[in-house]
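Undergrad: My questions all concern the structure below.
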Ligand SMILES: Nc1ncnc2c1ncn2[C@@H]1O[C@H](COP(=O)(O)OP(=O)(O)OP(=O)(O)O)[C@@H](O)[C@H]1O
Ligand SMILES: [Mg+2]
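Protein chains in written order, with our numbering: chain A, 5 to 320; chain B, 831 to 1093.
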């Protein structure tokens, strides 16, 4: 368990570093929040009062740590544009985006792992060609295009959901999930194609390893060689890839949220950037960075469970 | 026990045959040495016995007769029923020949899992016994270790244990000691000799080092560029080599003094 603790400590340190950099960067670009909130007409006295109220007169490091603490207590300051607490604004959006990414991730996993193995088993000139062609096609179609097709087909023609009107996640959970499902499919298609391709090449590579010959020499049939030896050995790069996928899904969700009219984090981020709503942008940027660090660590921890050699990296 | 008749193996991506016209017999209970320089076709010969040649990538002719089957053309099912059960293989690099993600005990017991109906508990007993037979200290702990946690010598012992756990009648040893240092090499040779005597397992011992072969084989075959150039008793081949290539091989053996100089 020592290695797990080590990874987690490393993750926390990275998070603090990332948050510090983000905070500093925003401190530099965002100028005076009091000015931004009150506008250029404000009297110096009111500005000073607001600065005092927002705690802007405190030293930089103190402000940073109180903001960092706020990340965990949900006190992230007040939005310039909405005059509402940032956390109150973004919390429901985080929820929506998380569901979107989660569904998408599950789709990617359940589609691409069996398909990756299947595509490995089908080798030969024609299969290789078909596989590559289909794969390229899936990777080349931009998610927004699939999104437009799906929301037209299922939303407008078949009326499975009403585009632009995401049902409330708490009141109508299954309706909301059904709505998000179609958006998740758009996100999942190109990524699944990539995962299948990498899975296939990993398995092919593992098949060349010497331990495969040993396994055959003991009388294992093709299937046993694959299931008992090769698949597990192929898993580490695949898990790493899936970890990156989980991180990148958030980025991809920005576009898909636009197409499907989903009030998620990505869409809100874009809007806040154009409004120069720095407290909101800052909070979202930090949360996204945390997400990347978190998924990377999760993938590492899973891989350490799979491969005992990764557990002693530090010892060597 | 095993008879190879005029074996030819040609890989599609090579111009020259990897093995061309090798005929050999392995007698019951003997350790036959197979020597030759790198690329002479020793491994390919062993792989054609073990049914490990990639059939799609090469063309074979001749016969490898074992228990009434021609292993070159035998049905895959029949081949699998012999692999591991009747014919065990020990490879040169124990570290890469082991599955890095499977516990050593499970790998050693793999032949039992495939070829017998023993329960997990019974298999474990047999594996521990086998680990003991190859002189591994503390079999219980070796059982639960992963390959990277053992030294090269211990791993090679574990590989041998895996091959003999089910008592095959033929053991193919492809340079089993090359990756090991001299003391461990000597211990493994002793171990093989003992297994040969106690369990009556016939062996094909491949090496590029005649000196090593001389320690455990009564009979030796010499290969060069895919062909068998000389077969005979070890003493005869060693002291009265007929073929110039064999002479060359013997001359190139580092003598004790030379080895000391190098060290
Ligand atoms: N899978 C393969 N595809 C193509 N050529 C091969 C393959 N395996 C072996 N060969 C060729 O067959 C020839 C004999 O190789 P082999 O491995 O039997 O030599 P060896 O005597 O075992 O040598 P070493 O002492 O280096 O292990 C070599 O020329 C090698 O390049
Ligand atoms: Mg070889």
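Heads up, the beta-carbon is just placed ideally off N, CA and C, and yes, glycines get one too.
These numbers come from a predicted model, not from an experiment.
1. The alpha helix (DSSP H) spanning residue 179 (chain A) covers which residue range?
2. Quick one: Cα of residue 72 (chain A) to Cα of residue 95 (chain A), how far?
3. Using 8 Å as the cut-off, can you tell me whether the segment 964-974 of chain B makes contact with the segment 1001-1013 of chain B, which would need three or more C-beta pairs spanning the two stretches below that distance?
4. DSSP on residue 278 (chain A), reduced to helix/strand/coil?
5. Which of helix, strand or coil does DSSP assign to residue 320 (chain A)?
6. So residue 889 (chain B) is in the beta strand (DSSP E); what residue range does that whole segment cover?
7. Okay, do the segment 147-164 of chain A and the segment 256-267 of chain A touch, 3+ Cβ pairs below 8 Å being the bar?
8. Whole angstroms is fine: what's the gap from residue 33 (chain A)'s alpha carbon to residue 289 (chain A)'s?
9. Using CA coordinates, which residue listed in A:312, A:298, A:311 is at the minimum distance from residue 11 (chain A)?
10. Near residue 179 (chain A), which residues of its chain fall below 8 Å by C-beta distance, leaving aside the five closest residues on each side in sequence?
11. Quick one: residues in its chain with C-beta nearer than 6 Å to the C-beta of residue 901 (chain B), no 5 flanking neighbours on either side, listed in chain order?
12. Any chance the CB of residue 838 (chain B) is under 8 Å from a heavy atom of ligand 1?
13. Quick check: what's the CA-CA separation for residue 36 (chain A) versus residue 76 (chain A)?
14. Residue 1054 (chain B) CB to nearest chain A CB: under 9 Å?
15. Would the segment 118-129 of chain A count as touching the segment 194-208 of chain A if we require 3 or more Cβ pairs under 8 Å?
16. Quick one: does residue 931 (chain B) have its CB under 9 Å from some CB of chain A?
17. Could you list which residues in chain A have their beta carbon closer than 9 Å to that of residue 919 (chain B), in chain order?
18. When we look at the beta-carbon of residue 1087 (chain B) and count the other beta-carbons within 10 Å, is it buried (16 or more) or exposed?
19. Go ahead and label residue 103 (chain A) buried or exposed: buried means 16 or more other beta carbons lie within 10 angstroms of its beta carbon, across all protein chains shown.
20. Taking just the CA atoms, how far does residue 244 (chain A) sit from residue 159 (chain A)?
21. Mind listing the chain B neighbours of residue 175 (chain A)? Cutoff is C-beta to C-beta under 8 Å, in chain order.
22. Could you list the residues in the segment 111-143 of chain A with a C-beta less than 7 Å from some C-beta on chain B, going in chain order?
23. Could you say which of A:15, A:199, A:219, A:183 lies nearest to residue 239 (chain A) if we only look at CA atoms?
24. Are the Cβ atoms of residue 854 (chain B) and residue 1061 (chain B) separated by less than 9 Å?
25. Does at least one heavy atom of ligand 2 sit under 8 Å from the Cβ of residue 1007 (chain B)?
26. Going straight from the alpha carbon of residue 320 (chain A) to that of residue 956 (chain B), what length do you get?
27. What is the rounded straight-line gap between the Cα of residue 953 (chain B) and the Cα of residue 997 (chain B)?
28. Using a Cβ-Cβ cutoff of 8 Å, what residues of the segment 941-952 of chain B are near chain A? List them in chain order.
29. So if DSSP puts residue 27 (chain A) in a beta bridge, which residue, or which two residues, is it bridged to?
30. Below 8 Å on C-beta distance, what does residue 237 (chain A) contact in chain B?
31. Expressed to the nearest angstrom, what Euclidean distance is found between the alpha-carbon atoms of residue 836 (chain B) and residue 1047 (chain B)?
32. Please confirm whether residue 229 (chain A) and residue 120 (chain A) have their CB atoms less than 9 Å apart.
33. Does DSSP put residue 841 (chain B) in a helix, in a strand, or in coil?
34. Just checking residue 240 (chain A) against ligand 3 - is the residue's beta carbon closer than 8 Å to any of the ligand's heavy atoms?
35. Here's a check: name, in chain order, each residue in its chain whose Cβ is nearer than 6 Å to the Cβ of residue 251 (chain A), leaving out the five neighbours to either side.
36. With a threshold of 8 Å, establish whether the CB of residue 849 (chain B) neighbours any heavy atom of ligand 1.
TA: Well, looking at it:
1. Annotation for residue 179 (chain A): the continuous alpha helix (DSSP H) segment containing it runs 177-211.
2. Within the model, the alpha-carbon separation for residue 72 (chain A) versus residue 95 (chain A) is close to 17 Å.
3. Cβ pair count under 8 Å is below three, so no.
4. DSSP, read as helix, strand or coil, puts residue 278 (chain A) in helix.
5. Residue placement at residue 320 (chain A) cannot be trusted, given a pLDDT of 40 that sits under 50; what the coordinates show is reported in the next sentence. Three-state DSSP puts residue 320 (chain A) in coil, outside helix and strand.
6. Bounds of the beta strand (DSSP E) holding residue 889 (chain B) are 888-896.
7. Enough Cβ pairs lie closer than 8 Å, so yes.
8. Roughly 14 Å between the two C-alpha positions.
9. Ranking the options by Cα distance to residue 11 (chain A), first place goes to A:298.
10. Excluding sequence neighbours, residue 179 (chain A) sits near 165, 171.
11. For residue 901 (chain B), where only same-chain residues beyond five positions count, the Cβ hits under 6 Å are 881, 894.
12. No, the Cβ of residue 838 (chain B) stays beyond 8 Å of every heavy atom of ligand 1.
13. Computed Cα separation, rounded: 24 Å.
14. Among the CB atoms of chain A, none fall inside 9 Å of the CB of residue 1054 (chain B).
15. Three or more Cβ pairs closer than 8 Å define a contact, and the segment 118-129 of chain A meets that threshold against the segment 194-208 of chain A.
16. True, the Cβ-Cβ gap to chain A drops below 9 Å.
17. Chain A residues near residue 919 (chain B): 217, 218, 221, 222.
18. Confidence is the limiting factor: at residue 1087 (chain B) the pLDDT is only 47, short of 50, which leaves the residue's position unreliable and the question unanswerable from this model.
19. A residue is called buried when at least 16 other Cβ atoms come within 10 angstroms of its Cβ; residue 103 (chain A) meets this threshold and is buried.
20. Pairing residue 159 (chain A) with residue 244 (chain A), the inter-Cα distance amounts to about 35 Å.
21. Within 8 Å Cβ-Cβ: nothing; residue 175 (chain A) doesn't reach chain B, min ~47 Å.
22. Here the close residues number zero.
23. Closest option to residue 239 (chain A), Cα to Cα, is A:199.
24. Contact flag set, yes.
25. The closest heavy atom of ligand 2 lies 8 Å or more from the beta carbon of residue 1007 (chain B).
26. Confidence at residue 320 (chain A) is low in this model, with a pLDDT of 40, below 50, so its placement is unreliable and the value that follows should be read with caution. The straight-line gap from Cα to Cα measures roughly 34 Å.
27. Distance from the CA of residue 953 (chain B) to the CA of residue 997 (chain B), rounded to the nearest whole angstrom, comes to 14 Å.
28. Taking a C-beta cut-off of 8 Å against chain A, the contacting residues of the segment 941-952 of chain B are 941, 944, 945, listed in chain order.
29. None, per the DSSP bridge assignment.
30. Under the 8 Å cutoff, chain B gives 929, 930, 931.
31. Their backbone Cα atoms lie some 23 Å apart in a straight line.
32. Cβ atoms of residue 229 (chain A) and residue 120 (chain A): not closer than 9 Å.
33. Look at residue 841 (chain B) here: in three-state DSSP terms it is strand.
34. The model depicted lacks ligand 3 and carries ligand 1 and ligand 2 instead.
35. 296, 299, listed in sequence order.
36. Residue 849 (chain B) Cβ: within cutoff of ligand 1.
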